[in-house]
Amino acid sequence: MTGTPGGATQADSRASTLWRLAAAVALAAALGLGSALWLPQGTALVTIPWGVAALLLGATCRSTRAALAVGAVFGFVAAYAYLWSDDRALPSGARLVQLALVILIPAAFGLCCGALAAWVGHLAGRAIRRRSGSSAPDPVDRRPRTPRG
């Protein structure tokens, strides 16, 4: 196993990313449903909590790849849950299939927005960690490649 910054192994890093993804899904579903049910529709109040949550999720990630993945999943699930629960029509079988497919396009926009917000949060979190001295420097102890032969 190779090491990552701070002495964590790649398996530990993957496990923490999976936990962040699970937390992002749960938080996004709660915010999406809550926004559709309790916040005034047609205002920025609906998406402000989503942006703040995506920024914070991105700030907790140590790698850019993890921040983009967590943000993308968060944005997609939040938009999908919001749009799904915002439809007040009585569902029929055909309506459910139609709704599930139609919501995919705006939810893909939510995916892009979530990834962007998490990336910005990651950059801010990285700058804060550097300034406070709480992050380990980039690893320099990588094993050099040796020629096979």
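In my numbering, the protein residues as written are 4 to 152. Ideal Cβ positions, reconstructed from N, Cα and C, are used throughout, including at glycine. Here the structure is a predicted model, which is why all the values come from computation and not from measurement.
*Spatial neighbours of Ala39 within its chain, please: CB distance less than 7 Å, with the 5 preceding and 5 following residues excluded, ordered by chain position.*
Result list for Ala39: Tyr85, Ser88 and Asp89, in chain order.
*Can you check whether the CB of Gly54 is closer than 7 Å to the CB of Ala118?*
No, Cβ-Cβ distance for Ala118 and Gly54 is not below 7 Å.
_Inter-stretch contact (C-beta, 8 Å, three-pair minimum) for the stretch 56-63 and the stretch 121-131_ = Result yes; three or more Cβ-Cβ pairs closer than 8 Å.
*Note down, in chain order, each residue of its chain lying with its Cβ closer than 6 Å to the Cβ of Ala27, except the 5 sequence neighbours on either side.*
Cβ within range, chain order: Leu60, Val73, Val76 and Phe77.
*Straight-line gap, Ile108 to Leu102 (C-alpha atoms, nearest Å)*: Annotation: Ile108 to Leu102 spans about 11 Å, alpha carbon to alpha carbon.
*asked:* Which residue marks the beginning of the alpha helix (DSSP H) containing Ile106, and which one marks its end?
replied: From DSSP, Ile106 is part of no alpha helix (DSSP H); its letter is neither H nor E.
*Rounded straight-line distance, which links the Cα of Ala111 to that of Thr5*: Low confidence applies here, because Thr5 scores a pLDDT of 48, under 50, leaving its location unreliable and the question unanswered by this model.
*How big is the Cα-Cα spacing for Gly35 and Pro150?*
Answer to the nearest angstrom: the Cα atoms are 53 Å apart.
*Taking Val73 as part of the alpha helix (DSSP H), name the residues at either end of that continuous run.*
Thr67 to Asp89 is the span of the alpha helix (DSSP H), which, as asked, contains Val73.
*So what's Thr50 in DSSP terms, helix, strand or just coil?*
Coil.
_Sub-7 Å separation of Leu30 and Ala56 beta-carbons_ = With a cutoff of 7 Å on beta-carbon distance, Leu30 and Ala56 are scored as near each other.
_For Thr67, which residues in the same chain have their Cβ closer than 8 Å to its Cβ, ignoring the five residues on either side in sequence?_
For Thr67, where only same-chain residues beyond five positions count, the Cβ hits under 8 Å are Trp122 and His125.
*Among Ala70, Leu48 and Trp41, which residue has its Cα nearest to the Cα of Leu114?*
It is Ala70.
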